[in-house]
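Beneath this line is the structure, given in structure tokens, with notes to follow.
Residue numbers (this note's numbering): 242 to 495.
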């Protein structure tokens with residue numbers, strides 16, 4: 242059996258079969274019901290058995306080793322046994338995007354979560370392809386991506402908001418990185434700012450209208466950034482921009 246050496250310096254021979262995000266409080270002895278899609282996957286796909294182990298996290302109380310103490314039809318009970326890692330948090334980076342076609346929205350929820358953004362916020366623009374989103378489904382995609390990639394938290398996902406309302410309510414202490422290919426845009430590595438909090442905004446497939454571009458560029462917190470010589474699809478631009486920010490300002494530089 243594999244010996245697990247945890248971040249707390251403990252040693253355990255209880256090898257977790259998977260990671261699960263839960264909304265319940267985590268402490269020694271806490272009993273948590275795993276049902277719905279998570280329960281189906283755990284019981285019917287992974288064939289979890291009594292006395293096997295999983296790891297649990299809720300975004301605020303670290304990661305815990307959980308023992309399967311009851312298995313039912315499409316659900317299981319897990320009892321938290323011991324903390325195996327202290328809580329950590331990703332950098333304070335928001336990702337704002339104009340919703341794309343359904344399959345690509347799911348893709349971006351996964352990639353933005355894996356890349357470590359703290360907030361995901363859909364923004365309605367003139368050329369947005371979708372006018373409504375199933376926020377609960379987006380959250381489920383983010384939960385699954387967080388479980389898979391090993392991060393200890395899950396990004397917050399906001400309801401869709403219009404571009405005008407977003408700009409009007411924008412926090413005074415947060416920079417807005419505008420991925421723009423013309424004018425005074427600079428490479429990400431040359432970006433300078435007095436802000437400690439950041440956000441990246443990516444437009445729709447057809448790009449922002451000229452009126453929208455002007456509104457964004459005229460905003461006091463906007464920092465125009467170029468992503469290179471080629472025209473990128475919206476989802477490619479998002480992955481590129483977040484990766485570059487993480488490399489120069491986020492936790493990739495550590």
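Every residue gets a Cβ at the ideal spot worked out from N, C-alpha and C, and that includes glycine. All figures in this text were calculated on a predicted structure; none of them were measured in a lab.
Distance check for residue j and residue i, CA to CA, integer angstroms please.
i: residue 340; j: residue 375; result: 11 angstroms
i: residue 247; j: residue 325; result: With a pLDDT of 41 at residue 247, under the threshold of 50, the predicted position of this residue should be treated as unreliable, though the coordinate-derived value follows. In a straight line, the C-alpha of residue 247 is about 5 angstroms away from that of residue 325.
i: residue 373; j: residue 401; result: 7 angstroms
i: residue 480; j: residue 471; result: 15 angstroms
i: residue 490; j: residue 435; result: 13 angstroms
i: residue 428; j: residue 466; result: 6 angstroms
i: residue 275; j: residue 415; result: 38 angstroms
i: residue 442; j: residue 329; result: 25 angstroms
i: residue 315; j: residue 261; result: 15 angstroms
i: residue 406; j: residue 455; result: 15 angstroms
Less than 9 angstroms between the beta carbons of residue i and residue j, yes or no?
i: residue 272; j: residue 318; result: yes
i: residue 184; j: residue 360; result: Lying outside 242 to 495, the shown extent of the chain, residue 184 is not represented and no answer is given.
i: residue 292; j: residue 304; result: no
i: residue 460; j: residue 379; result: no
i: residue 337; j: residue 362; result: yes
i: residue 347; j: residue 382; result: yes
Per DSSP, residue i is paired with what?
i: residue 316; result: 313
i: residue 307; result: 295 and 321
i: residue 420; result: 466
i: residue 261; result: 297
i: residue 441; result: 336 and 418
i: residue 395; result: BP columns for residue 395 are empty, so no partner.
i: residue 326; result: 304
Where do the N-terminal and C-terminal ends of the alpha helix (DSSP H) with residue i fall, by residue?
i: residue 407; result: 404 to 409
i: residue 343; result: 343 to 356
i: residue 376; result: 376 to 390
i: residue 290; result: Run containing residue 290: none; DSSP gives neither H nor E here.
i: residue 457; result: 451 to 459
Which residues bound the beta strand (DSSP E) around residue i?
i: residue 273; result: 272 to 275
i: residue 475; result: From DSSP, residue 475 is part of no beta strand (DSSP E) but of the alpha helix (DSSP H) over 475 to 489.
i: residue 472; result: Note, residue 472: premise wrong, no beta strand (DSSP E); not H, not E.
i: residue 361; result: 360 to 365
To which residues of the same chain is residue i closer than 8 angstroms at the C-beta, ignoring the five residues directly before and after it?
i: residue 266; result: 299 and 302
Excluding the 5 residues preceding and the 5 following residue i in the sequence, name in chain order all residues of the same chain whose CB lies nearer than 7 angstroms to its CB.
i: residue 430; result: 489
i: residue 311; result: 317 and 318
i: residue 447; result: 368
Short of 6 angstroms in beta carbon distance, which residues of its chain neighbour residue i, apart from the five on each side in sequence? Order them along the chain.
i: residue 249; result: For residue 249, the predicted model reports a pLDDT of 44, less than 50, meaning its position is unreliable; a value from the coordinates is still stated below. Cβ neighbours of residue 249 beyond the five flanking positions: none.
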